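Student: Going left to right, the sequence shown walks through residues 347 to 1371 as our numbering numbers them.
Even for Gly, the Cβ is constructed at its ideal location relative to N, Cα and C.
Everything numeric in this text was worked out from a predicted model, so none of it was measured.
I am attaching a structure below and will ask some questions about it afterwards.
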Amino acid sequence: ISSFTVSCIFVENIFDLQAHSITILPELFSRYEDHRDSILDDILLSIVRLPTSKKSLRCYRLPSGESIQMFTALIMHLIHSPVQTINSNITDAGNELNLLNTYSIGQNIAYKFLTLFFRSCGTKQGEDDYRIIFENFLADLLTTANRPEWPSSEILLTLLSRILMKNFSNQSLPIQTRLQSLEYLGSVAAQLRKDTIEIDVLNSRENQERIDQVIHKTLLSIETDEDILEVYKTDPLRHHRSLIIYLNELSQSEPTGHFAKMFHIGQWLRDINLTIERLNQTLTRRVKPSNHAELVDVDTDESIDNNNPSNPTITVDDEIEFKKSEKLTILKMLTLPITIRKQQRYTLDIDYDDICLLMRYLTSNRPFLKTFDVYLKQLAAVFQSEAGTNIRSKAMKCLCTVVEADPTILGRNDIKSCVKVGLTDKSVSVREAAIDLIGRYIVHKQLLILQYYDVLCERSIDTGVSVRKRVVKIFRDVCLSQPDFVRIPDICSRLLRRINDEESIRKLVLETFQQLWFTPTRNHYEIRQRVQTIIDVLIDAQKQNNTWLENLVKEFLQTNDKQSNDDKARIREQRKDVLKAIHDIINELVESILKIESANDQVSSNKMVATFVALYALGKANPEHVLSHVSTIVEYLNIKCTSYNDNVIVQYVAKILEFTVPLMKSASSSIIYSLEGSLTKLLLVSGQLVIHSSIACLAAAVRLSKNVALVKEVFLRYHSFIIQCQLKIIENPNDEFKGSAQLARSIYILGVLCKYFDIERSEYDDLQFSVEDIFQLFMFFIERPDSVVKLKSLVGLGYFLQRYGQYLIEDTIRQLYHTYLLDRRPLAAQLRCQVLINLEEYFRDCIRRMAEQDIDYLHLPSTTNTNEDENSNDAHQITGANLKDTTDIHSEMASSIAQCYLRIVLDTYLSEDEIIRQCVRKVVSCILEQGLVHPVQFIPFLIAMTTDRDINIQQSAEQNLQDLDKTNPGIIQTKVMQGFKMSYQLQKLLLIQYNNNQQVDPQSDIIRGKSFCLYGVRFAKKKKN
């Protein structure tokens, strides 16, 4: 009969047959002890024989509307069924003992079944795959927990959790079994946490009223005497009695409800006996009350343990007697009538959700809920003791499941410690899982963000790309969801440092800033908030550079030939939104200038600098947005400079006016002349940065006003002064010249003037000196022994050569530059750096001029097409051709100059001076960007640069290598060995520096050098594969 009944359980789509079978089998299991093992074996064999597609079927429908496997329901009914009494109408010691013994049998059956079942899950042979069934079984147990008709789900989960903890700690078991054990334990712990946090909800007034209503309805079904009802309502075991009444009623329609009732009573009796035993031990050993907890059995129900009156004077003997009376009360529940109104067809009018609420209240103090901390500590212990990466990674993911149930546990010290260990794990997968754990749940809780902020910042420079990307996502979500968060400026600064990272991270950073700052909005408060954040970030980044905002805006606005047509179209659409957002930010920035000016302190001064830097960077994208604010901005050109910040403000005011003045075509000549006068005055009193910006702005103003006479006057003023100084030096060559500072200033100004004004043009023919005269003047002072004059002359010469680059290929300049670059004396380091800066600025100016001419050339066809056919060969086309020819000439000259100086520049890189190496890196990047020479000769030096201790040099070299590999596949591996040798030479130089500076650890640099040196090898392997 049992074998046939088991087979019927798994017959599909015949529910009546399954329902009758699931009722018959527990009866057989309960009455015939010898058949129990065979029944369990038949069930396991039958479930294995099912096709894989049918192993996940959930056919047993619960009153709540959910469904579980027929297999799960059957197992729990079988565990309930052994619990029974000798005679349910007698409440004597024999009945009690039989209940306790049979309850223990039910526990043993549960343990035996789980051990066998879980062991089977670790193997997979053909169709014998228990794993899917077990996962569904576990999900069913979690679903039926705290349901009145399924009391065995708790004991199954308790036993299962113990087996899982034992398994994942047992290193002799297969790794797959240990990983599954961890995953399953994480699911149990998550459910436990959900149930734990619901306790506060259970104690709410509304839920207590619902529970009281359930108690009233159940008691009313068996008792009509109002006095007795009032006594029952104050009974400490009233919740237990109500549950038994409900199960009695349920057993009339579902016979298995009787087994669930007996299981509940057996469990309560066992809990009371354990409590009495503990109290007897306390009485015997005279243990202090504070140590009682050490003797409490982990399976004791605290709801029963705490049902005694809260009287502090009660004795242990009284407490024991109280527990014995409770035990008698529970035994009497065996004889509770089904209903006194059965003949009137009375049924309990109780909602199933309400009875589940009562059940949750009863289980809220059960020991199973108290085991959450145990399981959590077991998961946390994995990170301290487990060597396997898979295990640690899985443990972190399980912890993530638990945190999903209750994000507040991230605030616990043990969890914070656990996460920090995971974040510093040697495995990238473990670190990524730890970051994922934090990121999911801290974004909307500022307190948690602050607690984990430092560790997130550390991981933002993690060696794992996936880890860095996840941190960037977290920072992005924080910025978008918590715009008022105090660390937003610092987060933005850290995001900006990742803009040159791997392509997917770079793209994510750009998307973040576009959403954060450059999306149009009508919310004025949000615009003000954006402006404040930009200012704070600029203040934070002042020590590095102020160009990041300008470069960021370019990323959103510029297109290039490498982009597809779709990308170009998308950027054109994006450009409209970005420019609208920039316009709003500029308007708010100008308003903030007036507010900041009213405060006179260092903080306000820093904010003012940041405001003008932002105005310059954003206004450059579309100068028309700044044009309406010129009258406000120009006033700050004449402020009294008493500090460094004042000079920076004037410098950026001049820079802003440089790109806005050309648009002031309708401005009166008096305004332009006034501006020119202010700019020429600045040349007399300002520092080097202000001088350069002032002359650049003056050039823009003169192009509009055609005031060539003013330019001549300025040229003559400084040229005449320099000539006078030259004559004095020639007359008295052995005497010390006392006007060195003023002379150096005048030489610098003359050099910048030559950069922005071409004196070879016809309007400057009446000047009394030529380009050659100025060149010889620079060369004269470069040869002077005065270090200040020599350096400023070299700087001025660099500006001069940006305009007249033909001198760079003449022997005079070649010998001069080669001499300085080959001079490895420490005293000559500043001059070497300046030569490299001059070359870099020349190549950058070539890039700028060719880009401007390309734009002009591209605009010409549209102008030509508007003309009639007869004008098709007019001057417009000639101008276009001339522009193209001019561009080619500049490109050819730049290529010749690059070839002339490339070898000496590359050799200069092998220097112990970090600043010199940085200058070389910049020159190399400029030449590679323009493609002026064949890139193969750069490769050994680029490989060596990837071993440099300076992070900027490393990143730039890596990016250059990546670009070369894309454009010239296979080129890198041809120079790998030379790259190794060059890297070795560099590390030798760095080791010499270490001997002079004991604060630097050479070993770490050499190790890093070795790893980065494999860059070329990695490319070679990629190509071979």
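(1) Excluding sequence positions up to five away, which residues of its chain have a Cβ less than 7 Å from the Cβ of residue 1259?
(2) Could you give the distance in angstroms between the alpha-carbon of residue 1306 and the alpha-carbon of residue 1336?
(3) Would you check if there are 3 or more beta carbon pairs closer than 8 Å linking the region 1005-1025 to the region 1058-1067?
(4) Quick one: which unbroken alpha helix (DSSP H) runs of 4-plus residues sit fully inside the region 1053-1115? Chain order, please.
(5) What distance in whole Å lies between the Cβ atoms of residue 976 and residue 1006, which are believed to be in contact at a cut-off of 8 Å?
(6) Taking the C-alpha atoms as reference points, what is the distance between residue 1044 and residue 1011?
(7) Please classify residue 413: does DSSP put it in a helix, a strand, or coil?
(8) Give me the Cβ distance between residue 935 and residue 967, rounded to the nearest whole Å; I'm assuming they're in contact under 8 Å.
(9) Closer than 7 Å by C-beta to residue 1141: which residues in its own chain qualify, once you throw out the five before and the five after it? Chain order, please.
(10) Hey, how far is the Cα of residue 911 from the Cα of residue 904?
(11) DSSP three-state call for residue 574: helix, strand or coil?
(12) May I have a chain-ordered list of the alpha helix (DSSP H) segments no shorter than 4 residues that lie completely inside the region 1244-1280?
(13) If you follow the alpha helix (DSSP H) that residue 1161 is in, where does it begin and where does it stop?
(14) Enumerated in chain order, which unbroken segments of the alpha helix (DSSP H) with a length of 4 residues or greater are wholly contained in the region 597-631?
(15) At the level of alpha carbons, what is the spacing between residue 1254 and residue 741?
(16) What does the alpha-carbon distance come out to for the pair residue 799 and residue 807?
(17) Just the Cα atoms here: how many angstroms apart are residue 1008 and residue 1050?
(18) Start and end of the alpha helix (DSSP H) containing residue 485?
(19) Out of curiosity, what's the CA-to-CA distance linking residue 574 and residue 533?
(20) Return yes when the Cβ of residue 1279 is within less than 9 Å of the Cβ of residue 1273, no when it is not.
(21) Considering only residues of the same chain and omitting the five flanking positions on each side of residue 790, which have a CB-CB separation below 8 Å?
(22) What separation, rounded to the nearest whole angstrom, lies between the Cα atoms of residue 787 and residue 821?
(23) Would you mind sorting residue 1106 into buried or exposed? The rule is 16 or more other CB atoms within 10 Å of its CB.
(24) Sort 989, 985, 1300 and 416 by Cα distance to residue 1000 and report the nearest one.
(25) Counting along the chain, where does the alpha helix (DSSP H) carrying residue 971 start and finish?
(26) Measure the C-alpha to C-alpha separation of residue 426 and residue 451 and round it to an integer number of angstroms.
(27) Within 10 Å of its beta-carbon, does residue 554 have 16 or more other beta-carbons around it, so buried, or fewer, so exposed?
(28) Can you give me the Cβ contacts of residue 584 inside the same chain, cut-off strictly under 7 Å, excluding the 5 residues immediately before and after it?
(29) On the DSSP letters alone, give me the boundaries of the alpha helix (DSSP H) that residue 357 sits inside.
(30) What do you reckon, are the CB atoms on residue 1154 and residue 1243 nearer than 9 Å?
(31) Where does residue 940 land, buried or exposed, given buried means 16+ other C-beta within 10 angstroms?
(32) Along the chain, where does the alpha helix (DSSP H) that runs through residue 1282 open and close?
(33) Following the continuous alpha helix (DSSP H) through residue 894, name the residue where it begins and the one where it ends.
(34) I'd like the list of long-range same chain contacts for residue 455, defined as Cβ closer than 6 Å, with 5 residues on each side in sequence excluded.
(35) What does the Cβ neighbour count give for residue 971, buried or exposed, with the cut at 16 atoms within 10 Å?
(36) Give the C-beta separation of residue 500 and residue 596 to the nearest angstrom, bearing in mind that I take them to be a contact with Cβ-Cβ under 8 Å.
Tutor: Working from what's here:
(1) 1175
(2) 23 Å
(3) no
(4) 1054-1077 and 1086-1102
(5) 6 Å
(6) 15 Å
(7) strand
(8) Between residue 967 and residue 935 the Cβ distance is about 13 Å, and since that is not below 8 Å, they are no contact.
(9) 1094, 1097 and 1180
(10) 13 Å
(11) helix
(12) 1260-1276
(13) 1157-1168
(14) 602-631
(15) 52 Å
(16) 14 Å
(17) 6 Å
(18) 477-490
(19) 45 Å
(20) yes
(21) 827 and 828
(22) 13 Å
(23) exposed
(24) 985
(25) 970-973
(26) 10 Å
(27) exposed
(28) 561 and 578
(29) Note, residue 357: premise wrong, no alpha helix (DSSP H); not H, not E.
(30) yes
(31) exposed
(32) No alpha helix (DSSP H) holds residue 1282; DSSP gives it neither H nor E.
(33) 894-903
(34) 425
(35) buried
(36) Wrong, their Cβ atoms sit about 18 Å apart, outside the cutoff.
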